[in-house]
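What follows is one structure encoded as structure tokens, with my remarks underneath.
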Amino acid sequence: MTSANPLVRWLTTLALALVALVEVFPYLWMLTTSLKDLPGVTQFPPTLLPDPPQWDNYARAWNSGPFLRYAVNNAIVTLGILVLQLFLGCLAAYGFSKVRFRGRDACFLVVIACLIVPPQVRFVPLYMLFSKVGLLDTYASLILPYAVSALGTFLAGVVLIYGRDEAAIEAAEHLKDLLDVTVLITRPDRLAPQRKTEFPVVQGTIRAAKGWLGAFELTVDDYAQPAPSSRAALRFGTPRNGAVSKCDIVLGLSGGAAVWWSSTLSIRLSARWL
């Protein structure tokens with residue numbers, strides 16, 4: 110929520126500008142250092158701007174190795190990982206979100222547990238494995254270890270869209286075929302009821318959130334189910350406060366202030382109301 114106090118807005122803008130400067134400065138330093146000669150790079154105290162700029166550094170760097178070959182290799186590896194992760198991740202996510210089977214929750218916990226395993230732990234075992242099967246120095250040795258991703262499976266699963274208008278409904282329309290979608294509308298004004306009920310739309314406002322990625326718990330006020338008699342406009346039943354949802358991730362389209370800080374840019378959650 111934006112504060113009406115000009116001093117608070119000014120201080121907030123200043124704080125955000127300082128954070129942006131801290132984030133951008135390493136890239137600026139990298140760019141200016143690339144235009145220095147070797148003495149300029151190693152001198153102390155260091156200087157920010159090169160004097161004079163060595164523009165031919167880029168030509169010498171390009172001629173020092175087969176960078177075009179490196180770029181092609183990166184494109185092939187990236188495309189291979191992308192296709193395999195999308196295919197396998199969507200299949201796994203569909204099974205977890207749409208199919209009910211014995212041991213599903215236990216399997217999902219195993220997938221979540223894989224998120225805490227650092228990739229460095231796998232380097233030596235993978236090298237030994239690929240050495241034995243003769244895949245060293247091949248594209249397969251770079252693509253196959255990342256063909257399946259626990260995070261990719263997790264982020265392609267269930268989703269709750271938290272919004273305030275038709276934009277949330279439109280987003281759900283795009284995601285409904287692959288994901289288990291629920292829409293939570295905060296303070297709805299006038300929404301047209303769905304012609305066909307393909308995903309639930311409920312009313313509510315997230316009051317509090319706690320937990321972590323994969324284990325969020327939200328407290329929702331003003332929670333209400335849609336009224337069966339909705340015709341021209343979507344109407345909701347009697348609201349209640351304190352509804353609780355145990356969540357994986359949430360996609361926020363409400364335009365309001367963040368409920369909690371997270372390094373995840375897009376957050377989805379499963380709507381399991383208690």
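Sequential numbering of the sequence shown, starting at 110, is according to our numbering.
No residue lacks a Cβ here, since even glycine has one placed at the ideal position from N, Cα and C.
Since the model is a prediction, treat every value here as computed from it, not as a measurement.
Residue i and residue j closer than 8 Å at C-beta
{"i": "Thr141", "j": "Leu130", "result": "no"}
{"i": "Val186", "j": "Ile252", "result": "yes"}
{"i": "Tyr332", "j": "Arg349", "result": "yes"}
{"i": "Asp330", "j": "Thr347", "result": "no"}
{"i": "Pro254", "j": "Leu224", "result": "no"}
{"i": "Ile278", "j": "Leu362", "result": "no"}
{"i": "Glu326", "j": "Val353", "result": "yes"}
{"i": "Ala281", "j": "Phe308", "result": "yes"}
{"i": "Gly149", "j": "Pro135", "result": "no"}
{"i": "Phe345", "j": "Pro335", "result": "yes"}
{"i": "Gly245", "j": "Glu275", "result": "Looking at the sequence provided, one finds Leu at residue 245 rather than Gly. Their beta carbons are not under 8 Å apart, which means Leu245 does not touch Glu275 by this criterion."}
{"i": "Leu360", "j": "Val268", "result": "yes"}
For residue j and residue i, believed in contact at Cβ under 8 Å, the rounded distance
{"i": "Leu343", "j": "Val310", "result": "7 Å"}
{"i": "Thr262", "j": "Ala202", "result": "5 Å"}
{"i": "Leu144", "j": "Trp164", "result": "7 Å"}
{"i": "Ile294", "j": "Gly320", "result": "Contact flag wrong, Cβ pair sits at about 23 Å."}
{"i": "Phe205", "j": "Phe217", "result": "5 Å"}
{"i": "Tyr248", "j": "Gly174", "result": "With a Cβ gap of about 19 Å, Tyr248 and Gly174 do not count as contacting."}
First through last residue of the alpha helix (DSSP H) which encompasses residue i
{"i": "Tyr136", "result": "115 to 142"}
{"i": "Leu221", "result": "As written in the sequence, residue 221 is Ile, which differs from the Leu given in the question. Ile221 -> alpha helix (DSSP H) spans 213 to 222."}
{"i": "Val242", "result": "232 to 242"}
{"i": "Val278", "result": "Correcting the residue type first, residue 278 is Ile in the shown sequence and not Val. Start and end: 275 to 284."}
{"i": "Ser258", "result": "Note, Ser258: premise wrong, no alpha helix (DSSP H); not H, not E."}
{"i": "Ala336", "result": "Here Ala336 belongs to no alpha helix (DSSP H), and DSSP marks it neither H nor E."}
{"i": "Leu245", "result": "Where Leu245 is concerned, there is no enclosing alpha helix (DSSP H), given that its DSSP letter is neither H nor E."}
Residue i CB to nearest heavy atom of the ligand PLP below 7 Å
{"i": "Leu127", "result": "Summarising the ligand content, the structure contains no ligands, and the ligand PLP is consequently not present."}
Enclosing beta strand (DSSP E) for residue i [first to last residue]
{"i": "Val292", "result": "290 to 294"}
{"i": "Leu147", "result": "Counting along the chain, Leu147 falls outside any beta strand (DSSP E), though it belongs to the alpha helix (DSSP H) covering 147 to 151."}
{"i": "Ile270", "result": "268 to 272"}
{"i": "Leu360", "result": "359 to 361"}
According to DSSP, residues forming a beta bridge with residue i
{"i": "Ser173", "result": "Ser173 is not bridged to any residue."}
{"i": "Phe345", "result": "Pro335"}
{"i": "Val311", "result": "Leu293"}
Q. Does the count of Cβ pairs from the segment 254 to 262 and the segment 193 to 208 closer than 8 Å reach three?
A. yes
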